[in-house]
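Undergrad:
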Amino acid sequence: MPALFAAKRFPRRWAAVVKFVVLTGMLASSPLSTYGEGPTGSSKVTKPSLTAPQLMQIAHDGRAEWGNFPGFEAKLTLATDSARGEGRLHVSPDGKMDLTLPPGEEFQWAQRALKSVVGHRLTVNDAITNVEFADQQADHPHGRLLRSTNPQEKSLWRVQGDVLTEVHRITDTSRLIISISDVLRTPEGKHLPQNFSVTTWELPSNQIKSARQVHQDWSRIGGIDLPSTFWAITNRPDGTSVTHRIDFSEHRLLPDVVHTDLQPTGKK
């Protein structure tokens, strides 16, 4: 706070001016003054005048997708707390996966993880726009909370800028919340998930069944942002935890030759 101390050297009539300037600067740097920006690195400002459907559309359009996707292959290096192995992944232009894993059950988790990674980049569904605001809190640090206008739909979503920061999936027996804490920006300004958590509760007891933290890295090759690292740690109610990691290498866009000029995608 050097400016406040400097005010002591000014005549008293200037002290109020200096204090006003300092406070104005503090307010300008407050997260609330740039509504919609925050830990997710959102590049668009969520204005209070936007409707709930408009917010959902902006978040949908902000995602990085695999347009004109040629398919790719990659070598996989897999690791858990107690095992290591190698495999290969082939993804066709329509998203069909051909996965080779080490024998046994130790690495079957990789099938589910890779299906999610690939599927989210090839999703062609339209934005969910039959939504409304779920509450009146417009200054939540993670964005506005939305709900479906369909009484049968129990899901909730939270939007900050052009990022869908939370997804709530609720059934009669469980509640799952995906919380996005960090994204990577592509050169085009679209976003890719980097850090997020997945927490599951039992209902109606509200006991946590699992808490999973996921980290992903991406590399751009031939104009396509491909996965380079997948890393997940899952904590369980019995006090145990498990770590899963996949490192991707030797990426090859189909039907091109192997590319070696991989560059990390964007920045936070």
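The sequence shown: position 208 = 210 (this note's numbering), numbered continuously.
For each residue, glycine too, the CB sits at the ideal point set by N, CA and C.
As the structure is a computational prediction, the values presented were derived from the model and not from experiment.
DSSP puts Pro-229 in a beta bridge; with which residues?
TA: The partner list for Pro-229 (beta bridge, DSSP) reads Trp-220.
Undergrad: Please list the terminal residues of the continuous alpha helix (DSSP H) segment that includes Lys-117.
TA: Segment 111–124, the alpha helix (DSSP H) holding Lys-117.
Undergrad: What are the boundary residues of the alpha helix (DSSP H) that includes His-246?
TA: It is not in any alpha helix (DSSP H) - His-246 instead sits in the beta strand (DSSP E) that spans 243–255.
Undergrad: Quick one: what does DSSP say His-62 is sitting in, helix, strand or coil?
TA: DSSP places His-62 in helix when its eight states are reduced to three.
Undergrad: Can you list, in chain order, the residues of its chain whose CB lies under 7 Å from that of Arg-149, leaving out five sequence neighbours each side?
TA: The residues are Val-133, Glu-134, Ala-136, Leu-158.
Undergrad: Can you tell me whether Pro-143 is buried or exposed, with buried defined as 16 or more other CB within 10 angstroms of its CB?
TA: Exposed, by the Cβ-count rule.
Undergrad: Measuring only the C-alpha atoms, how far is Gly-73 from Asp-128?
TA: Cα to Cα, Gly-73 sits roughly 22 Å from Asp-128.
Undergrad: To the nearest angstrom, how far is the alpha carbon of Leu-256 from that of Asn-237?
TA: Rounded to the nearest angstrom, the two C-alpha atoms are 38 Å apart.
Undergrad: Quick one: using the 10 Å Cβ neighbour count with 16 as the cut-off for buried, is Pro-229 buried or exposed?
TA: Its Cβ being crowded by 16 or more others within 10 Å, Pro-229 is buried.
Undergrad: How big is the Cα-Cα spacing for Arg-171 and Thr-102?
TA: Cα to Cα, the separation comes out at about 31 Å.
Undergrad: Taking all protein chains shown into account, do 16 or more other C-beta atoms lie within 10 angstroms of the C-beta of Asp-227, making it buried, or fewer, making it exposed?
TA: By the neighbour-count rule (16 or more Cβ atoms within 10 Å), Asp-227 is buried.
Undergrad: Can you look up Leu-103 in the DSSP assignment and give me helix, strand or coil?
TA: If DSSP states are grouped into helix, strand and coil, Leu-103 belongs with coil.
Undergrad: What did DSSP end up calling Ala-17 once you bin it into helix, strand or coil?
TA: For Ala-17, the pLDDT reaches just 37, beneath the cut-off of 50, and the residue's location in the model is therefore unreliable, although a value from the coordinates is still provided. Three-state DSSP puts Ala-17 in a helix.
Undergrad: Taking just the CA atoms, how far does Thr-242 sit from Ile-235?
TA: Spanning the two alpha carbons is a distance of roughly 11 Å.
Undergrad: Can you give the Cα-Cα distance for Glu-252 and Val-93, rounded to whole angstroms?
TA: Each residue's Cα considered, the two are about 14 Å apart.
Undergrad: Strictly by DSSP, which residues pair up with Leu-147?
TA: Looking at the DSSP assignment, Leu-147 forms a beta bridge with Arg-160.
Undergrad: Would you decide whether Arg-146 is buried or exposed? Buried here means 16 or more other CB atoms lie within 10 Å of its CB.
TA: So Arg-146 ends up on the buried side.
Undergrad: Quick one: give me the first and last residue of the beta strand (DSSP E) that Thr-202 is part of.
TA: Start and end: 193–204.
Undergrad: Per DSSP, Phe-74 forms a beta bridge with which residues?
TA: According to DSSP, which records beta bridges pairwise, Phe-74 is partnered with Val-93, Leu-255.
Undergrad: To the nearest angstrom, how far is the alpha carbon of Thr-53 from that of Ala-85?
TA: Those two C-alpha atoms are separated by around 49 Å.
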